[in-house]
Amino acid sequence: MNAQLINGKSISDSIREELRYEVELLRQKGVTPGLVVILVGEDPASQVYVRNKAKACEQLGYYSEVIKIPAETTQDELLRVIEQYNKQANIHGILVQLPLPKHIEEKAIIDAISVEKDVDGFHPVSVGNLMIGDDALLPCTPSGVIELLKRTGNHPSGKHAVVIGRSNIVGKPVSMLLLRENATVTICHSRTPNLPEMARQADILIVAVGVAKLVKKEWIKPGAVVIDVGMNRLPDGKLCGDVDYDDVLETAGWVTPVPGGVGPMTITMLMANTLKSARRFSQ
Ligand code: GUN
5 MNAQLINGKS
15 ISDSIREELR
25 YEVELLRQKG
35 VTPGLVVILV
45 GEDPASQVYV
55 RNKAKACEQL
65 GYYSEVIKIP
75 AETTQDELLR
85 VIEQYNKQAN
95 IHGILVQLPL
105 PKHIEEKAII
115 DAISVEKDVD
125 GFHPVSVGNL
135 MIGDDALLPC
145 TPSGVIELLK
155 RTGNHPSGKH
165 AVVIGRSNIV
175 GKPVSMLLLR
185 ENATVTICHS
195 RTPNLPEMAR
205 QADILIVAVG
215 VAKLVKKEWI
225 KPGAVVIDVG
235 MNRLPDGKLC
245 GDVDYDDVLE
255 TAGWVTPVPG
265 GVGPMTITML
275 MANTLKSARR
285 FSQ
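Just so it is clear: in the sequence shown, position 190 is 194 by this note's numbering, and no numbers are missing.
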């Protein structure tokens with residue numbers, strides 16, 4: 005078997021087209037979605053991510069602000085900036101780029117963001133709403149994974165989904181979303197015995213561990229859908245995922261490439277969340 009490619013770039017482009025139409029409808033009511041992205045310090049990878057978020061806002065006609073704050077800023081100063089944007093009516097989404105410098109407590113910052121403007125879906129109330137199935141702003145990468153599945157005709161309902169990784173950003177929330185979509189979900193992690201055997205039971209395999217090319221063809225049930233959330237830099241500078249892409253092509257039914265799979269979906273879902281928030285504020 006030769007796996008079909010899940011083209012995250014083209015799926016992301018078509019979602020952005022749908023968003024463009026909805027943005028126009030909202031604009032006719034006098035509302036422009038507004039996003040502020042706050043970057044503390046000068047981490048090079050974070051700078052690239054922040055630039056791409058601002059670019060996406062520009063493409064879709066959102067109002068956006070990028071606030072760059074020196075690494076030495078105190079936690080209290082950052083909290084004051086967030087408080088200002090919590091109150092600012094033309095801002096519907098607040099994103100503080102992670103990781104933060106060590107002297108700033110990530111949890112205190114996430115907790116301070118108004119739940120209504122929590123477009124990352126990281127606030128404990130957003131996480132709780134996701135868990136109990138209430139309407140929430142959903143974390144972007146996990147909701148992007150669900151869109152990739154649905155838009156390639158691989159609906160999770162009734163399938164066995166195996167998630168490798170239990171992070172708060174991907175593993176746990178994507179597991180909850182899969183459950184909400186009526187999959188049977190198994191969550192595996194670094195202490196799970198016999199990972200390949202667990203993975204081989206998956207109709208849908210989601211991998212988010214940050215280990216380059218961990219998953220080989222022996223881990224894949226023939227015909228399975230393989231979603232690779234990993235993004236690792238090899239010694240030669242090339243990017244690769246947690247799945248050995250060329251190796252699993254023979255066995256998998258569908259597979260996401262890295263780059264060009266899950267990656268493009270994350271910012272698109274951020275744009276969708278900002279629009280959703282703006283719509284709620286306008287009601
Ligand atoms: N850093 C890496 N990914 C993310 C993300 O999805 N949101 C935020 N706020 N920071 C990140």
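We put the CB at the ideal spot given by N, CA and C, even for glycine.
Since the structure is predicted, the reported quantities are computational estimates derived from the model, not experimental observations.
What are the start and end residues of the alpha helix (DSSP H) that includes residue 43? First-last for residue 43: 38 to 44, but that is the beta strand (DSSP E), not the alpha helix (DSSP H).
Sequence-distant residues of its chain with Cβ nearer than 8 Å to residue 115 (five each side left out): 127 and 128
Of all the beta strand (DSSP E) runs that stay within the bounds of the region 84 to 133, which reach a length of 3 or more residues? 97 to 100
Where residue 68 falls: helix, strand or coil (DSSP): strand
As assigned by DSSP and simplified to three states, the class of residue 255: coil
Does DSSP put residue 231 in a helix, a strand or coil? strand
Terminal residues of the continuous alpha helix (DSSP H) containing residue 152? 144 to 155
Taking 7 Å as the line, does the beta carbon of residue 232 fall inside it for any heavy atom of ligand 1? no
Near ligand 1: residue 51 beta-carbon under 7 Å from a heavy atom: no
Flag this pair as yes or no: are the beta carbons of residue 142 and residue 153 separated by less than 8 Å? no
At what residues does the alpha helix (DSSP H) containing residue 216 begin and finish? Taken as a continuous stretch (DSSP letters only), residue 216 belongs to no alpha helix (DSSP H), as it is neither H nor E.
So who's on the other strand from residue 189, going by DSSP bridges? 165
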